[in-house]
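Worksheet: the structure to be examined is printed underneath.
Residue numbers (my numbering): 10 to 488.
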């Protein structure tokens, strides 16, 4: 079920009313209702895959109980590796089976060996990458004794399937979200209003910014031979804002929706395009995934401890795995490698923690050096996004080649081009003035006169309705 659909527009108020007015007397009934509503939400796309999320939830709930009943190191390790193997095995089969088959066939052909295994017509379950990592975090934290295993099966199933963030995150940690299902929740008007405000901004990001930029990005990437270098460069810029508006917009709607039900999810984006270097960008982009890899892969590998060569190895592993997590295509691995190469000079020179404060903190305008750092970082990010968006490596390299070979060709943009530029100017202005907050419009005009404040909200509502681009599925649904 898409957030930007009529289905969700009907689903949400019905769930909200039943949650607060019918099941509010019993915490267990509220949690059970969340499970039922979440399974309905997920099953709306394809009910057959409900068995997968049920199995993953049941497996890790049971393993958590098993870990609570023994201190034997060998038995605990066996339980942990059972969870990791089964969960990643399911993820690998649905997401990467055909990718590996294709590459094995290519490798065998290279050596002249006939090898023709059958490919399978596999449908990738929506959100499997997200809820798999979410359940794994629970098992690993229980194994490390950082978290007490739960005996409340309903709360655990609700934690895994919680519908606002089920299919595209944020990837919640059990230590943050699971305890919220244990506590009685009362309706908080201020929290709900804040949630609605964040949902509105997320919807604006998605349907106005991302969907309009998508039309131009698709046009340039799908027909790149027909355009000049400047237009192709702008195609990469439009895709950068498409994926940011799309993914961070989803996160905003998810976080805002959760607040309607009395839950707080972790922040997933922190104005990444205002970053002054790549290290800062990765602290601000898809925070729930980057911190997951940091805590469950990077630190166990040794983190930043050890020799410089070990640090480089660990960094390369993290970025390559992050790229591969995004999809079964060499373009994603190339994207991860490019970002690793961006990051390594900062790591080697120990400048990867240089920019940890808010950009131009306490000032309206950044300094010249800071502005140039923001622009250069954004261009590097856009270059990497070309590989992320391209259909294959040849498509990406050809697209980049055309940018340089045809950069002297005068662009002939249409009205849609200028319309999107105006939208992006407004969007960047709102993000810039709101960069000190959890989301851009959290405190914008809040202290102003009620008429001014509500005029702004109605403007956004009308914009969502009137200025929406052609409806696009959320990009991260396929990951």
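A virtual CB, placed ideally from N, CA and C, is assigned to each residue, including glycine.
First through last residue of the alpha helix (DSSP H) which encompasses residue i
i: residue 345; result: 339 to 357
i: residue 224; result: 220 to 231
i: residue 69; result: 59 to 77
i: residue 212; result: 198 to 212
i: residue 156; result: Where residue 156 is concerned, there is no enclosing alpha helix (DSSP H), given that its DSSP letter is neither H nor E.
i: residue 292; result: 287 to 293
i: residue 299; result: 296 to 302
i: residue 373; result: Per DSSP, residue 373 belongs to no alpha helix (DSSP H) and is neither H nor E.
i: residue 31; result: Per DSSP, residue 31 belongs to no alpha helix (DSSP H) and is neither H nor E.
i: residue 279; result: No alpha helix (DSSP H) contains residue 279, which DSSP labels as neither H nor E.
Euclidean distance between Cα positions of residue i and residue j
i: residue 384; j: residue 72; result: 48 Å
i: residue 319; j: residue 311; result: 8 Å
i: residue 404; j: residue 375; result: 37 Å
i: residue 489; j: residue 147; result: Any question about residue 489 goes unanswered here, given that the chain covers just 10 to 488.
i: residue 234; j: residue 329; result: 30 Å
i: residue 3; j: residue 31; result: The structure shown does not extend to residue 3, since the chain is modelled only from 10 through 488, so no value can be given for it.
i: residue 64; j: residue 345; result: 31 Å
i: residue 457; j: residue 16; result: 35 Å
i: residue 58; j: residue 340; result: 27 Å
i: residue 373; j: residue 136; result: 39 Å
i: residue 392; j: residue 481; result: 23 Å
i: residue 82; j: residue 331; result: 30 Å
i: residue 55; j: residue 287; result: 38 Å
i: residue 228; j: residue 281; result: 25 Å
i: residue 422; j: residue 413; result: 18 Å
i: residue 162; j: residue 411; result: 56 Å
Per-residue DSSP class, three states only, for residue i
i: residue 464; result: helix
i: residue 455; result: coil
i: residue 10; result: coil
i: residue 104; result: helix
i: residue 56; result: helix
i: residue 122; result: coil
i: residue 421; result: coil
i: residue 336; result: coil
i: residue 364; result: coil
i: residue 180; result: coil
i: residue 266; result: helix
i: residue 244; result: helix
i: residue 405; result: helix
i: residue 322; result: helix
i: residue 395; result: helix
i: residue 129; result: coil
i: residue 215; result: helix
i: residue 449; result: coil
i: residue 261; result: helix
i: residue 309; result: helix
i: residue 434; result: helix
beta-carbon residue i near the ligand GTP non-hydrogen atom, thresh 7 Å
i: residue 183; result: This structure lacks the ligand GTP; in fact it carries no ligand of any kind.
Whole-angstrom C-beta distance between residue j and residue i, which should lie under 8 Å
i: residue 306; j: residue 324; result: 11 Å between Cβ atoms; not a contact.
i: residue 40; j: residue 164; result: 5 Å
i: residue 251; j: residue 279; result: Their Cβ separation, rounded to whole angstroms, is 19 Å, which puts residue 251 and residue 279 out of contact at 8 Å.
i: residue 174; j: residue 46; result: 13 Å between Cβ atoms; not a contact.
i: residue 184; j: residue 43; result: Not really, about 19 Å apart at Cβ, beyond 8 Å.
i: residue 76; j: residue 188; result: The pair is not a contact, with the Cβ atoms about 18 Å apart (cut-off 8 Å).
i: residue 364; j: residue 285; result: 5 Å
i: residue 108; j: residue 337; result: 3 Å
i: residue 398; j: residue 230; result: 6 Å
i: residue 220; j: residue 479; result: 6 Å
i: residue 425; j: residue 237; result: Not confirmed; about 17 Å, so no contact.
Any chain B beta carbon closer than 8 Å to residue i
i: residue 36; result: Of the protein chains in the structure, only one exists, and it is not chain B.
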